[in-house]
Amino acid sequence: MAKTKGYGVMPAAMTFWNADETFNQKETERYLQWLIDKGAQSLSITGSTGENISMGLDEQKHIMECMLRFIDGQVPVYAGTGRYTTAETIDLSLCAKKAGADGVLVIMPYYLIPHKRAVMNHFKALRQAVGEDLEICLYNNPRFCNYEMNALEVKQMVDDGSINAIKAAQGDVERVHSLRYHCGDRLTVFYGHDYAPMEAFFAKADGWLSGMPAVLPKFCRTLFDICTVDKDVDRANEYWMKVMPFIDYFITYNNNDPHWHEVFKYVLACQGFDAGLPRRPLGALNDGEKRKIDALLADMGDIL
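Heads up, the sequence shown is in this note's numbering, so the first residue is -11 and it goes up one at a time.
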């Protein structure tokens, strides 16, 4: 099957677990179809929002294969395959390619914080292993890795053919401007956070790859269209204000407690999914947190 470049609203899809923390395949598949039906133009699976950090290697391969088989080319799919070691990253990426992924979303090696030359060699080795016909999206996330590839370093990776795309997860829209200036149209740029997508679209981001599209896909697709099709700044700003109370709750003021995984699973449960809980050590919201989210969702009304 020919590979297709990801674009537009790309939810970082969640993975649903049963009560015993095994993979809930049937409900996850229903959820993936819902994302597509609500306007997702592409999908990312088994990434950070999909809890890949909690998966064993063989388990992640199985989950990727199940999801890709279900999606079956309806939209482009990028599979999260980044691990600390180059060998495991290549192994997972080859599995994703064989299973039909259009691209791989690869977080930079984390925890031991390798130097930049080692990181670039990591991606060069990945490209050599998977070939030229698979999109490689650099997951540039300083929050998770404690370092960031700057625009000139990203340009070097584009120049040598290591990457085709980037998830700019730092959040500052300046990253979109800088990447556009240095890399032009040779790099697909996804805004990778949840608090300034409107500004990123007007800065010519190609899409939005983050967690909020995974729980509010209809809203996110409508916002994307207002910005990129209608090009209506005033209407986009007015529409964004409808979701600001939710943004304030789960990003701005909660100091990561409750955790956004816990919030997102509950938001999906409120929309009719047997979403389960994140794997431990995370868990359930308390009653007060649930009441707060219930009220926020009720106030959002028809944007859900």
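Beta carbons are placed, not taken as given, at the ideal position from N, Cα and C, and that holds for glycine.
This one's a predicted model, so the numbers in the text were calculated from it and none came from an experiment.
Boundaries of the beta strand (DSSP E) around Tyr66: Val65 to Gly68.
Within the same chain, Ser166, Leu167 and His170 come within 6 Å of Ala139 by CB-CB distance, once the 5 residues on both sides are set aside.
The bridge partners DSSP lists for Trp196 are Val(-3) and Tyr179. Spatial neighbours of Glu136 in its own chain (CB-CB distance under 7 Å, excluding positions within 5 residues in sequence) are listed in chain order as Asn128, Pro130 and Gln158.
If the five residues before and after Ala106 are omitted, its C-beta is found closer than 8 Å to the C-beta atoms of Pro97, all from its own chain and listed in chain order. Check the Cα spacing between Lys26 and each of Pro266, Met52 and Cys208: the tightest is with Cys208. When the beta-carbon positions are compared, Ile151 and Leu114 stay at least 7 Å from each other. Rounded to the nearest whole angstrom, the CA to CA distance from Lys230 to Thr176 is 29 Å.
In terms of Cβ geometry, Tyr179 and Ala193 form a close pair [threshold 7 Å]. The three-state reading of DSSP puts Glu226 in helix, counting H, G and I together. Rounded to whole angstroms, the gap between the alpha carbons of Leu204 and Ala188 is 18 Å. Residue range Ala153 to Ala156 is occupied by the beta strand (DSSP E) that includes Ala153. Comparing alpha carbon positions, the residue from Val94, Met2, Gly276 and Gln144 closest to Val118 is Val94. Sequence-distant Cβ neighbours of Met186 in its own chain, meaning closer than 8 Å and more than five residues away, are Leu211, Cys215, Ala224, Asn225 and Trp228.
Here the alpha carbons of Tyr72 and Phe111 stand approximately 12 Å from one another.
Pairing Asn242 with Val255, the inter-Cα distance amounts to about 16 Å.
In the DSSP assignment, Glu123 falls within the beta strand (DSSP E) that extends over Glu123 to Asn128. The beta carbons of Pro64 and Ser36 sit about 19 Å from each other, so the pair does not count as a contact at 8 Å. In the three-state reduction of the DSSP assignment, Phe4 falls in the coil class.
A Cβ-Cβ contact shorter than 7 Å links Gly68 with Thr34.
Nearest to Lys280 by alpha-carbon distance, out of Ile291, Gly38, Gly289 and Tyr237, is Tyr237.
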